[in-house]
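Here is the structure we will look at.
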Amino acid sequence: MTASCKSNSGDPAIDGPEEDAGGGGVGPTSYFDYAVFREKIQPALDKAEETGCTAQACHGGGAGGFTLVAAPAAESDDEKANFEKMTDYTSATKKVDLDVPNNSEVYKRANPATGRHGGGSKKFTEDQTGDLLRWIQAAKAAKDAAEPTPGQPGDAGVPQGNGCVPVGQFNVGAFQSDILPILTGDKDYNVPDQVGNGNGCAGGTCHGQDKPGALTIKKGASAADNLKSFACYVNSTNPVQSQILICPLGKNNCKKSPHPGNAVFRNATDLNYQRLLSFLYATKTATTPLDFAFFARQVAPIFESTQTLGSRPCAETTACHGVTEETQAPPNGSHFPMVAGASDKPRLLFSFNSAANFTSFLEARDSYLFLYPTNLIADPAASPFATGRNHTGGKLINASSVEADNILTFARGLRLVGDGFNTNWLLGGDYPGINNIDQQTSVPGKEETITPSIFDKQGTRTFQGDIWDGFFSRSTFINLNERFQRNVQIDRAAFAAAYVVNLTTNDISAKITVRSPNELKLYVDQQEAVKDETIESTQIVANLTAPKADKKSTRILLKMLQRAGGTNQFGFSLLITDRDGNKIPEKDIVIKLSPDGGI
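Using the UniProt record's numbering, you'd call the opening residue of the sequence shown number 1 and step up by one each time.
Right, here's the structure in full:
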C-alpha cells in the first residue's frame with residue numbers, strides 16, 4: 001500500500017472526472033428521464049385519441065390554466081418547457097406525486113380508467129398510461145436514491161448536505177460477508193490467506209466512533225447499521241466516483257482531502273478496491289456496466305438448466321439458491337437468491353441485481369459467479385478470491401464450457417471483438433410491407449428517437465413476436481435471417497440497436513464502418529448519419545461522449561430493408577475504431593442493450 005494523497009494513474013476506473021464526486025445534488029427535474037419524455041410522453045400528449053391533449057381546444061390553448069406546446073422541436077425551448085411543466089412535483093399545483101406516483105394528477109387525468117376531466121378531454125391508451133406511470137415511478141426511484149433517506153445530515157455517519165442511497169438497494173448479506181470485513185480490517189484480499197491485520201477503517205481514531213457528518217464503521221454494530229452510514233458515501237450515478245472509494249485512494253477530490261488515513265488502496269489492481277467497486281456496481285439504483293439483456297437470455301437460463309447442471313439446478317428452491325418470492329432468503333443460506341423460473345422483466349431484474357453482487361468487472365475470472373459453479377473457488381491458484389473450500393453444490397460446469405464463457409462475458413461487460421466489431425444487438429421486427437427506407441413502421445414513437453430495451457413493445461404489425469429482444473452473434477456479420485426466419489414474400493424492415501458506453505473521462509472521436517448487402521439507415525444518437533440505397537461499405541466519424549448526468553451512452557440504431565425480389569441476405573457488420581482506423585482499447589468501451597448504461 002502507498003501513502004500518496006493524490007491518484008493520477010490514468011486509469012478511468014480510478015481517476016474518473018474530478019467533478020461530481022458526491023452522491024446527491026441533482027436538481028428537481030433531473031430525476032425524470034428526458035429521453036423517455038421525448039420518446040413516449042410527448043408523443044402521447046400529442047396523439048391521445050387522435051387530436052391529443054396539446055390541441056388548441058385543450059391544453060394547447062391553456063385549458064384549466066395548464067398550457068402545453070404541441071409537437072415541439074427536439075431540444076427546443078418549447079419541449080423543455082413542456083418537460084418542466086409535466087415534471088413539477090414541488091409547487092402548490094404540482095402535477096406529479098413522487099411519494100405516491102399513481103396519485104399524480106397527470107397520471108389520473110390521462111388514465112382511461114378514470115372519468116374525463118373536462119369537456120372534450122382526451123385519454124391515453126393503456127400502453128401510454130403504463131409508460132407514463134413507469135416514467136414517474138423511475139423518477140421516484142431516482143429521487144429516493146439521491147436524497148437522504150437512511151438518516152439526516154448531521155447525524156453520526158451521515159454527511160452534511162449529501163444524499164444517502166437507501167439501504168434496501170444493497171445486498172446486506174454480501175455487505176456483511178465480503179465488504180464489512182475489508183472495512184474492519186479482518187479481511188485483506190491482497191494476501192494469500194485473505195486474513196487482514198485488523199487495521200481497518202473501524203479503528204477508534206478513524207471511523208470507529210460517532211462523528212456527525214462522518215463515515216462510521218463499528219465492529220460491534222450490526223451490518224445494517226454500518227451499511228446505513230456506508231450508503232451515504234456511495235455515488236449511484238457514477239460508482240467509481242463514490243467517496244467510499246476515492247478517499248481511501250488518496251485522491252484530491254475526496255471531500256476531506258488529504259484523507260487522514262492516506263491512501264489505503266494501491267490503485268485499480270488493489271483487490272480490496274475491486275471488491276468494493278463490484279459491490280457498488282450491484283447497487284439496484286446504480287448505473288452498471290453489466291448488461292441486463294445478456295443476463296436474461298444467456299446467463300439466467302444456465303442456472304435453471306437441468307440438462308447443464310444436473311437434476312438440481314442452481315435455482316432449485318428446496319436446497320439451493322432458488323426462491324419463489326423476492327423477499328425470501330435462499331434455502332441454502334447464501335446471499336445469492338434467484339427467482340426460480342423467472343421469465344418476466346421484474347423477476348429477472350431481481351436475479352440480475354442479485355448476480356451482479358458476485359461479479360468482478362475489472363477481472364471477470366475473479367467473479368464468484370464464475371468461481372463457484374466451476375468449483376475453482378476451491379483452488380487458491382485459480383484466483384486470489386478463491387476460498388480453498390469446495391462449492392457446496394460441487395462442480396456444475398467446466399471452466400472452458402460455453403456456459404462459463406457466457407458468465408465471464410456478462411461479468412466483464414459486453415465488449416467489441418476482433419478489430420472492433422459489435423456482435424451484441426437488440427433487434428426489433430420484422431415489419432412487413434415496408435418498401436421504402438423512409439416509410440415509418442409501427443414501432444412505438446418516432447424511429448429517429450426510439451431508445452428500446454429488452455421486453456419493450458416493438459409495434460403492432462410484426463411477424464416475429466411483440467417485444468425487442470437480444471441477439472448475440474458468434475459472427476461479426478449480424479445475420480438477421482437467423483432471428484427473422486421466414487420466406488420473404490413481401491418487402492420487410494428490421495431494427496438493430498446498441499448503446500456504446502465510454503468508460504473514459506474524455507470524449508472519443510470514433511470511426512463507424514457499416515457493411516451490408518441491404519438498404520439501411522444509421523442513426524448515431526438522434527442524428528441520421530447514413531442513408532444509402534446501394535450500401536456495401538460506408539464510414540462516418542462519430543463522437544462517443546464521456547458519461548454525463550443527462551447522457552450515459554451513445555445510441556446506435558440501424559434500420560434495415562430487405563426487398564422480396566432482392567438479395568436473400570439480410571444483415572450487416574458494424575466496426576468501431578478510433579478516427580484513424582486503429583482499434584480502441586478494450587477497457588475504454590462497453591456495449592449495453594439499454595439506454596441507461598453508464599459508468
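For every residue, glycine included, the Cβ atom is placed at its ideal position computed from N, Cα and C.
Note that this is a predicted model, so its numbers are computed, not measured.
- In this structure, DSSP gives residue 553 a state outside helix and strand, which the three-state scheme calls coil.
- Distance from the CA of residue 247 to the CA of residue 166, rounded to the nearest whole angstrom, comes to 21 Å.
- For the alpha helix (DSSP H) assignment, the uninterrupted runs of no fewer than 4 residues enclosed by the region 172 to 218 are, from N- to C-terminal side, 180 to 184.
- Every beta strand (DSSP E) stretch that sits fully inside the region 501 to 584 and reaches 3 residues is listed by chain position as 508 to 515, 519 to 524, 527 to 532, 537 to 544, 554 to 562 and 571 to 578.
- Among the bridge pairs identified by DSSP, residue 72 is matched with none.
- With 16 or more other CB atoms across the displayed protein chains lying within 10 angstroms of its CB, residue 518 is buried.
- Judged by DSSP secondary structure, residue 368 falls outside any beta strand (DSSP E) and instead within the alpha helix (DSSP H) spanning 368 to 371.
- In the DSSP assignment, residue 402 is bridged to no other residue.
- Contact check for residue 142 against residue 31 passes: the beta carbons are separated by less than 8 Å.
- DSSP, reduced to helix, strand and coil, places residue 342 outside both helices and strands of the structure shown, so it counts as coil.
- Rounded to the nearest angstrom, the gap between the Cα atoms of residue 381 and residue 99 is 51 Å.
- As computed with DSSP, residue 428 is found in a beta bridge with 495.
- Going by DSSP, residue 592 is part of the beta strand (DSSP E) stretching over 589 to 592.
- DSSP places residue 85 in the helix class (H, G or I) of the three-state scheme.
- In this structure, the CA atom of residue 537 is about 40 Å from the CA atom of residue 278.
- Selection 383, 283 and 398 evaluated against residue 350 yields 283 as nearest (Cα-Cα).
- Ranked by how close their Cα comes to the Cα of residue 116, the residues 578, 58 and 480 have 58 in first place.
- Of the other Cβ atoms in all chains shown, fewer than 16 fall within 10 Å of the Cβ of residue 76; this residue is therefore exposed.
- Look at residue 230 here: in three-state DSSP terms it is helix.
- Of the other Cβ atoms in all chains shown, fewer than 16 fall within 10 Å of the Cβ of residue 389; this residue is therefore exposed.
- Annotated three-state conformation of residue 437 is coil, per DSSP.
- Short of 6 Å from the beta carbon of residue 513, and not among the five residues preceding or following it, lie these beta carbons of its own chain, in chain order: 539 and 575.
- Put simply, of 556, 494, 499 and 551 the residue whose alpha carbon is nearest the alpha carbon of residue 522 is 556.
- Assigned with DSSP and collapsed to three states, residue 302 falls in helix.
- In its chain, beyond the 5 residues on either side, 457 and 458 have a beta carbon closer than 7 Å to the beta carbon of residue 466.
- Contact between residue 227 and residue 202 does not hold, since their C-beta atoms are separated by about 13 Å, which reaches or exceeds 8 Å.
- In the displayed model, residue 469 falls within a strand according to three-state DSSP.
- Annotation: residue 189 to residue 411 spans about 19 Å, alpha carbon to alpha carbon.
- As a beta-bridge residue in DSSP terms, residue 421 pairs with 417 and 575.
- Counting the other Cβ atoms within 10 Å of the Cβ of residue 548 gives fewer than 16, which makes it exposed.
- According to the DSSP assignment, residue 274 belongs to the alpha helix (DSSP H) that extends over 271 to 281.
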